[in-house]
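Asker:
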Amino acid sequence: MTTQKSELIAKDKKIAVPGEILATGMDFLPSNGTYRLSDKILASKLGVLNVDGKVLKIIPVSGRYFPRKGDVIIGKVVDLNFNGWRVNINCAYEAMLSVKDATSDFIRRGENLTKFFDINDYMVTQIINVTSQNLVDLTLKGMGLKKLYGGRIIEINTHKVPRIIGKQGSMVSMIKEATGCKITVGQNGFIWISGPPAGEILAVTVIKKIESESHQSGLTDKIKEYLDKNRVVPKQTTPVQESENDFEQEEPQSDAQSDFSDEQE
Amino acid sequence: MTYKKRYDGRNFTESREIEAKAGVIKRADGSAYFRIGNTVAYAAVYGPRELHPKFMQNPERGILRCSYNMMPFSGQGERVRPGQNRRAREIAMVTEKALLPVLNLENYPNAVVDVFIELPQTDAGSRCAGICAASIALADAGIEMKDLVGAVSVGRVDDKVLVDLDYSEEAHEEGGTADIPIALIPSTGEMTLLQMDGEITKEQLINALNMAKDAILKINIEQKNALKNKFEVVNDE
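These protein sequences, in sequence, are chains A and B.
Position one of the first sequence corresponds to residue 1300 (the working numbering), numbered consecutively onward.
Position one of the second sequence corresponds to residue 0 (the working numbering), numbered consecutively onward.
(1) Going by C-alpha distance, which of B:R60, B:H171 and B:V162 is nearest V112 (chain B)?
(2) One question on the structure: do G129 (chain B) and D157 (chain B) come within less than 8 Å of each other, judged by their Cβ atoms?
(3) Start and end of the beta strand (DSSP E) containing R26 (chain B)?
(4) On the criterion of 16 or more Cβ atoms from any shown chain inside 10 Å, does I215 (chain B) qualify as buried, or is it exposed?
(5) Tell me, please, whether the CB atom of R1367 (chain A) is closer than 8 Å to any CB atom in chain B?
(6) For chain A, find out if any of its Cβ atoms is closer than 8 Å to the Cβ of M144 (chain B); answer yes or no.
(7) Sorted by chain position, which residues of the same chain lie with C-beta nearer than 7 Å to P185 (chain B)'s C-beta, five sequence neighbours on each side aside?
(8) Would you say R1451 (chain A) lies against chain B (beta-carbon separation less than 8 Å)?
(9) Within its chain, find whatever has a CB closer than 6 Å to the CB of A225 (chain B); leave out the 5 residues flanking it on each side and keep chain order.
(10) Would you verify that the beta carbon of K1310 (chain A) is, or is not, closer than 8 Å to some beta carbon of chain B?
(11) Using the beta-carbon of each residue, which ones in chain A are nearer than 7 Å to S167 (chain B)?
(12) Does the separation of the CB atoms of Q1529 (chain A) and I1388 (chain A) fall below 8 Å?
(13) Return the chain-ordered ranges of every beta strand (DSSP E) run that is complete within the segment 139–187 of chain B and spans a minimum of 3 residues.
(14) Quick check for students: name the residue ranges of the beta strand (DSSP E) that lie wholly in the segment 1444–1481 of chain A, counting only runs of 3 or more.
(15) Given that R1462 (chain A) touches chain B, what residues does it touch there, using C-beta distances under 8 Å?
(16) Please go through the segment 1378–1422 of chain A and give each complete beta strand (DSSP E) segment of 3 or more residues, from N-terminal end onward.
(17) Around the Cβ of Y1392 (chain A), are there at least 16 other Cβ atoms within 10 angstroms (buried) or fewer (exposed)?
(18) Please list, in chain order, the chain B residues whose beta carbon lies closer than 7 Å to that of S1361 (chain A).
(19) When you compare the CB positions of A133 (chain B) and I116 (chain B), do they come within less than 8 Å of one another, or not?
(20) In chain B, which residues lie with their C-beta within 8 Å of the C-beta of N1343 (chain A)?
(21) Out of A:D1370, A:A1497 and A:V1398, which one is the CA nearest neighbour of P1461 (chain A)?
(22) Would you call the segment 1372–1389 of chain A in contact with the segment 1463–1481 of chain A, where contact means no fewer than 3 C-beta pairs closer than 8 Å?
(23) Taking M1470 (chain A) and K1446 (chain A) to be in contact with their CB atoms under 8 Å, please state how far apart those CB atoms are, rounded to whole angstroms.
(24) Between the alpha carbons of L63 (chain B) and L137 (chain B), how many angstroms are there, rounded?
(25) Mind checking who K1359 (chain A) pairs with in its DSSP beta bridge?
(26) Just mark Y41 (chain B) as buried or exposed, buried being the case when its beta carbon has 16 or more other beta carbons within 10 Å.
(27) On the premise that T1457 (chain A) lies in contact with Y1364 (chain A), defined as a C-beta separation below 8 Å, what is that separation, rounded to the nearest angstrom?
(28) May I ask which residues mark the beginning and end of the alpha helix (DSSP H) holding K1523 (chain A)?
(29) Could you pull out every residue in the same chain whose Cβ sits closer than 6 Å to the Cβ of S1513 (chain A), ignoring the five residues on either side in sequence?
(30) Which residues of the segment 1403–1436 of chain A have a Cβ closer than 7 Å to any Cβ of chain B? Give them in chain order.
(31) I want to verify the contact list: residues of chain A whose CB lies under 7 Å from the CB of F230 (chain B), in sequence order.
(32) So L1307 (chain A) and V1354 (chain A) are in contact, right, with Cβ under 8 Å, and what is the actual spacing, rounded?
(33) Could you tell me which residues DSSP puts in a beta bridge with K1375 (chain A)?
(34) Which residue's Cα is closest to the Cα of K1375 (chain A): A:I1358, A:T1402, A:V1532 and A:M1395?
(35) Please compile the residues from chain A whose C-beta is within a distance smaller than 7 Å of the C-beta of R48 (chain B).
(36) At a cut-off of 7 Å, is V1505 (chain A) close to the ligand MN when judged by its beta-carbon and the heavy atoms of the ligand?
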C-alpha cells in the first residue's frame, strides 16, 4: 500500500453532519462524535467540528440531555417511593433521589416523605452516579443544592447551557443584575427564575434570545445592550440593596456551576 | 402510445426537483421537510425517551419506532382513509429497517426513538421521501448515526429504465412497469431497502441499481445542506 498523505477535509469550527468525511489518511484520530471507516474519518453526529492537534471531535449542537456523573441539574419530583423520590431530569431516564442522599434529618420508619418533597416540587441537585443501564442517582448534599420555592422553570436546549452561563458566569450574572431575579441554570436545560414579575418576564425573553442567537459572535454585547434598554432594576439604586443580599447567597452556587460548565467545554 | 420520453420532460436518469429543510417542527427534538417533485414528507423525531409498554423495552439498546401516515387529502383526488392500514404498517416497518443500520442506540437501553412521517401530498415515491426526511430529522435530533440514509425509487416503464417515477409513470399501462424503491448508505454503498413491484430483466435491474446510486448521492448532498443551513444561516446574519 502506498502511504497516502493525510488531509483535513472539513473545516474547523464549522458544522459537520453525520456521514460527512472530515479527514483522510491515518494521521488523524477519531474522538467523540466521529468514527473511522477504512482510511477516512467521518462524522457520526450533527455538531461543530473541533480539531485539537490530531484529534477530531464533534461538539453536538442538538439533542436531548444525557445524564453524566457530577452534573448539577434541576429536577422535578414525579413519584414517591418507600426509600426516596423519582425525579424527572429532562431526559429519557428518570432519576432516583434516596432519602439518605436528600437530608441528614432523622426520619422515622414509615414517615410521610411529602414533608420533604411532594410531587411537582423542584430542586437543584447533583448526579452522583449513572449506571450502564442509565439508572441515575441524585444527591442534595453539596454546595448550593436545595429545594426550590416559588419562581418559574423554563426549558432550553441543554447544549446552549454554557452560552447562558457565559465565561465564569458572566452572562447569567449580567441577567441577574439587570432583572433583579435569582437564576439557577441546570446542566439539563432547566432554568429556575425567581424575582419581581417584570424581571422574570425579562429574564425569560433574554434567555430565549440567547438560546436562539447563540451562534452569533458578539452575543454578550448584544445582550448587554438589550438588557440596558429594558432593565427592570435601575443601575445601582438604594431600594434594591436589600434584595441584593439574596444574590450574595446565590453567588457561590452559581460560581460552582459556571466552573462546572467550563470543565465541560 | 409507446413510451419514448418522460411526461414531464426529464432525463431518464434525472430525479424530480428536491427541497429539504431541517428543524421545521418546533416542539419536536428533531424534524425535517423533504420534497421531491410533488411528493412532500414531514418527519418528526421525539426522544430518546422512556418506552412504554414496558415489555417492548430492550435492555441492550434503544429501539426505533416509525410511523408512516398519508394524510386524507394527500392522494390523487381520492380521499385516503385516515389511520393505519396494512400498507402504512408495512411501510413503517421497512422504514424502520432502512434506518436502523446507521443508528447507534447502544447508549440508550430501554429507551425509544419515535419517528413520525406525515405525507400531506403524494405523487409516488412516498416511502423514499419519508426515509430521506426521517434521516435528516434523526440527525437534527442529535442521535448518533453513521450516515444519512438516502432513498429513491427506480424502475422500468415499457422498455425504458428510469429514476424517480411519478404517479403517471407508475400507472403507465402499455408494456407494463416495475417500481423499485431503494435506500442506500452513501458512505459504504450498502443497501438498506430494496423492494420491487412488477417485472424487470436482470440487465435492466443492474442498470437501474446503478442509476439509483447516482441519484441517491445527489439526494445526500441536499440532505447534508439542509442540516448545515439550519445552523449556518444564523451565523451569517
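Virtual Cβ for every residue (Gly too), placed ideally from N, Cα, C.
All of these numbers come straight from a predicted model, not from anything done at the bench.
Answerer: Once the coordinates are examined:
(1) Reading the second sequence from its first residue, position 113 is the one you call residue 112 (chain B). When each option's Cα is compared against that of V112 (chain B), the closest is B:R60.
(2) As a position in the second sequence, residue 129 (chain B) is number 130, starting the count at 1. As a position in the second sequence, residue 157 (chain B) is number 158, starting the count at 1. No, these two residues do not count as a Cβ contact at 8 Å.
(3) Reading the second sequence from its first residue, position 27 is the one you call residue 26 (chain B). It is not in any beta strand (DSSP E) - R26 (chain B) carries neither H nor E in the DSSP assignment.
(4) As a working note, residue 215 (chain B) is residue 216 in the second sequence. Buried.
(5) On the first sequence, residue 1367 (chain A) is found 68 positions in, with the first residue counted as 1. R1367 (chain A) does not count as touching chain B.
(6) Taking the second sequence and counting its residues from 1, one reaches residue 144 (chain B) at position 145. Yes, because at least one Cβ of chain A sits closer than 8 Å to the Cβ of M144 (chain B).
(7) Within the second sequence, numbered from 1, the residue matching residue 185 (chain B) stands at position 186. Cβ within range, chain order: D146, G149, I215, L216 and N219.
(8) Position 152 of the first sequence holds residue 1451 (chain A). Contact with chain B is absent for R1451 (chain A), since none of that chain's Cβ atoms lies less than 8 Å from the residue's Cβ.
(9) Translated into positions along the second sequence, residue 225 (chain B) becomes position 226. Answer for A225 (chain B): A19, K20, A21 and I135, listed in chain order.
(10) Taking the first residue of the first sequence as position 1, residue 1310 (chain A) is located at position 11. No, K1310 (chain A) does not count as interfacial toward chain B.
(11) If you number the second sequence from 1, residue 167 (chain B) lands on position 168. For S167 (chain B), there are no C-beta contacts with chain A under 7 Å, since the nearest C-beta of that chain is about 33 Å from it.
(12) Here residue 1529 (chain A) corresponds to residue number 230 of the first sequence, with the count starting at 1. Here residue 1388 (chain A) corresponds to residue number 89 of the first sequence, with the count starting at 1. This sequence places Asn at residue 1529 (chain A); Gln is not what is there. No; because the gap between Cβ atoms is not below 8 Å, this pair is not in contact.
(13) 149–156, 159–162 and 176–184
(14) Those beta strand (DSSP E) runs which fall completely within the segment 1444–1481 of chain A and span 3+ residues are 1445–1447 and 1451–1454.
(15) Taking the first sequence and counting its residues from 1, the one referred to as residue 1462 (chain A) is at position 163. Residues of chain B whose Cβ lies closer than 8 Å to the Cβ of R1462 (chain A) do not exist; the shortest such Cβ separation is about 13 Å.
(16) 1383–1387 and 1394–1397
(17) Taking the first residue of the first sequence as 1, we reach residue 1392 (chain A) at position 93. With 16 or more other Cβ atoms within 10 Å, it is buried.
(18) For the purposes of this step, residue 1361 (chain A) is taken as the residue at position 62 of the first sequence. Here the neighbours are G29, D139, A140 and G141.
(19) Taking the second sequence and counting its residues from 1, one reaches residue 133 (chain B) at position 134. Taking the second sequence and counting its residues from 1, one reaches residue 116 (chain B) at position 117. Taking 8 Å as the cut-off, the Cβ atoms of A133 (chain B) and I116 (chain B) count as close.
(20) Counting from 1 along the first sequence, the entry for residue 1343 (chain A) is found at position 44. The amino acid at residue 1343 (chain A) is misidentified as Asn; the sequence shows Ser. Chain-order list of chain B residues neighbouring S1343 (chain A): N103, E143, M144 and K145, by C-beta distance under 8 Å.
(21) Residue 1461 (chain A) sits at position 162 when you count from the first residue of the first sequence. Closest option to P1461 (chain A), Cα to Cα, is A:D1370.
(22) no
(23) Numbered from its first residue, the first sequence carries residue 1470 (chain A) at position 171. Numbered from its first residue, the first sequence carries residue 1446 (chain A) at position 147. With 8 Å as the limit, M1470 (chain A) and K1446 (chain A) do not qualify as a contact, their Cβ atoms being about 26 Å apart.
(24) Your numbering for residue 63 (chain B) matches position 64 in the second sequence. Your numbering for residue 137 (chain B) matches position 138 in the second sequence. Their Cα atoms are separated by approximately 10 Å.
(25) The residue given as residue 1359 (chain A) occupies position 60 in the first sequence. Looking at the sequence provided, one finds Pro at residue 1359 (chain A) rather than Lys. The partner list for P1359 (chain A) (beta bridge, DSSP) reads A:G1346.
(26) Start at 1 with the first residue of the second sequence, and residue 41 (chain B) comes out as number 42. Classification of Y41 (chain B): buried, given that the 10 Å Cβ count is 16 or more.
(27) As a first step, residue 1364 (chain A) is located in the first sequence; it is residue number 65 there, counting from the start. As a first step, residue 1457 (chain A) is located in the first sequence; it is residue number 158 there, counting from the start. Right, their Cβ atoms sit about 4 Å apart.
(28) Taking the first residue of the first sequence as position 1, residue 1523 (chain A) is located at position 224. Note, K1523 (chain A): alpha helix (DSSP H), L1518 to N1529.
(29) Sequence index remark: in the first sequence, residue 1513 (chain A) carries index 214 (1-based). Around S1513 (chain A): K1459 and R1462.
(30) The segment 1403–1436 of chain A vs chain B, Cβ under 7 Å: Q1432 and N1433.
(31) Along the second sequence, one-based indexing puts residue 230 (chain B) at 231. Those within 7 Å of F230 (chain B) in chain A are I1314, V1360 and H1514.
(32) Taking the first sequence and counting its residues from 1, the one referred to as residue 1307 (chain A) is at position 8. Taking the first sequence and counting its residues from 1, the one referred to as residue 1354 (chain A) is at position 55. That belief does not hold up - the Cβ atoms of L1307 (chain A) and V1354 (chain A) are roughly 12 Å apart, past 8 Å.
(33) The sequence position of residue 1375 (chain A) within the first sequence is 76, counting from 1. Looking at the DSSP assignment, K1375 (chain A) forms a beta bridge with A:N1387 and A:Y1421.
(34) Within the first sequence, numbered from 1, the residue matching residue 1375 (chain A) stands at position 76. Among A:I1358, A:T1402, A:V1532 and A:M1395, the Cα nearest to that of K1375 (chain A) is on A:M1395.
(35) By one-based count along the second sequence, residue 48 (chain B) stands at place 49. By Cβ distance, chain A contributes A1391.
(36) Within the structure as shown, the ligand MN is missing, as the structure has no ligands at all.
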